[in-house]
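J.:
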Amino acid sequence: MKVYSIGRDAACNIVIDDNSDVISRRHAILNVAPSGKMTIVDQSHNGTYVNGIRISSNVPVPVTRKDNISFAHVARLDWNQIPNTSGAIVRWSIIGVIAVLLVAGGAWGFFTWFGSEAPEEPVPVAVDSTELKNEQQRIAEQEKHIQDSIAKHVQDSIEKAQKEAAEKAATKKNVKKAEPKKDNAKEKAEPKKEEPKPTRVRG
Numbered sequence: 001m002k003v004y005s006i007g008r009d010a011a012c013n014i015v016i017d018d019n020s021d022v023i024s025r026r027h028a029i030l031n032v033a034p035s036g037k038m039t040i041v042d043q044s045h046n047g048t049y050v051n052g053i054r055i056s057s058n059v060p061v062p063v064t065r066k067d068n069i070s071f072a073h074v075a076r077l078d079w080n081q082i083p084n085t086s087g088a089i090v091r092w093s094i095i096g097v098i099a100v101l102l103v104a105g106g107a108w109g110f111f112t113w114f115g116s117e118a119p120e121e122p123v124p125v126a127v128d129s130t131e132l133k134n135e136q137q138r139i140a141e142q143e144k145h146i147q148d149s150i151a152k153h154v155q156d157s158i159e160k161a162q163k164e165a166a167e168k169a170a171t172k173k174n175v176k177k178a179e180p181k182k183d184n185a186k187e188k189a190e191p192k193k194e195e196p197k198p199t200r201v202r203g
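Residue numbers (the UniProt record's numbering): 1 to 203.
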């Protein structure tokens with residue numbers, strides 16, 4: 001916030017020449033906010049008037065550049081000595097709005113220029129129903145062939161296991177049959193001893 005001191009004192013920002021001493025050394029203070037709003041505070045003995053109405057001492061009163069401010073009805077505030085910050089704010093606001101419009105317009109033009117061409121939709125590929133059926137049949141045949149191979153492998157394994165079991169059983173049977181033959185051969189090899197016949201005694 002900018003503060004402007006107004007009075008007879010040479011140290012004031014706005015000096016009022018008054019030889020009658022009606023104007024105080026520090027008659028009033030004008031506060032100017034960055035937003036452009038202003039208030040005036042009376043610090044005198046003879047008063048400060050806004051549009052002909054005396055304001056209370058040490059009380060900030062809102063004013064604008066259109067108001068007529070009088071110091072003890074001897075001198076008036078020259079608004080030309082107060083920089084017009086509101087005008088600068090308006091100018092910067094206009095510049096900001098123009099900049100935003102330019103950016104928005106540039107973005108719109110960019111997307112309009114480069115985005116005007118709609119993306120091409122994918123063209124559906126026509127598939128012949130005969131080819132599709134042939135492909136499905138080929139896949140089905142491959143699956144059937146795989147299943148048949150698996151089934152044949154399983155069947156071969158079962159038959160092989162059964163054959164091995166039968167061979168083992170036959171081998172055991174042959175072993176059992178061979179043992180009694182050995183005993184018979186032994187009996188044949190040994191000659192039978194004839195028992196002596198009893199002799200009859202004649203009387």
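Glycine included, each C-beta is placed from N, C-alpha and C at the ideal position.
So which of H73, I95, T64 has the shortest CA-CA distance to N80?
T.: Your numbering for residue 80 matches position 80 in the sequence shown. Ranking the options by Cα distance to N80, first place goes to T64.
J.: Give me whichever residues DSSP pairs with R54 in a beta bridge.
T.: Sequence index remark: in the sequence shown, residue 54 carries index 54 (1-based). Looking at the DSSP assignment, R54 forms a beta bridge with Y49.
J.: Residues in its own chain within less than 8 Å of P60 by CB, not counting five upstream and five downstream?
T.: Your numbering for residue 60 matches position 60 in the sequence shown. By the criterion of a C-beta distance shorter than 8 Å, P60 is surrounded in its chain by N31, T39, I40, V41, once the five residues flanking it on both sides are discounted.
J.: Going by the DSSP bridge assignment, what does N31 pair with across the sheet?
T.: Taking the first residue of the sequence shown as 1, we reach residue 31 at position 31. Under DSSP, the beta-bridge partners assigned to N31 are V3, T39.
J.: Between Q136 and S129, what straight-line distance do the alpha-carbon atoms span, to the nearest angstrom?
T.: Indexing the sequence shown from 1 puts residue 136 at position 136. Indexing the sequence shown from 1 puts residue 129 at position 129. Between Q136 and S129, the C-alpha separation is close to 10 Å.
J.: Any chance the stretch 1–8 sits against the stretch 16–31, with 3 or more Cβ pairs inside 8 Å?
T.: When Cβ pairs closer than 8 Å are counted between the two stretches, the stretch 1–8 is seen to touch the stretch 16–31, the count reaching three or more.
J.: Is the distance from the Cβ of N46 to the Cβ of A72 below 8 Å?
T.: As a position in the sequence shown, residue 46 is number 46, starting the count at 1. As a position in the sequence shown, residue 72 is number 72, starting the count at 1. Against a cut-off of 8 Å, the Cβ pair of A72 and N46 comes out as a contact.
J.: With DSSP as the reference, identify every bridge partner of S20, one or two as the case may be.
T.: For the purposes of this step, residue 20 is taken as residue 20 along the sequence shown, with counting starting at 1. According to DSSP, which records beta bridges pairwise, S20 is partnered with nothing at all.
J.: What would DSSP say about I75, mapped onto helix, strand or coil?
T.: To locate residue 75, count along the sequence shown from 1; it is residue 75. The residue you asked about is not Ile; residue 75 is Ala in the sequence shown. Correct three-state label for A75: strand.
J.: Should L101 go down as buried or exposed, given a rule of 16 or more other Cβ atoms within 10 Å for buried?
T.: Counting from one through the sequence shown, the residue named residue 101 turns up at place 101. By the 10 Å Cβ count, L101 comes out exposed.
J.: Tell me whether S70 sits in a helix, a strand or coil according to DSSP, three-state version.
T.: Walking along the sequence shown from the start, residue 70 turns up at place 70. Strand at S70.
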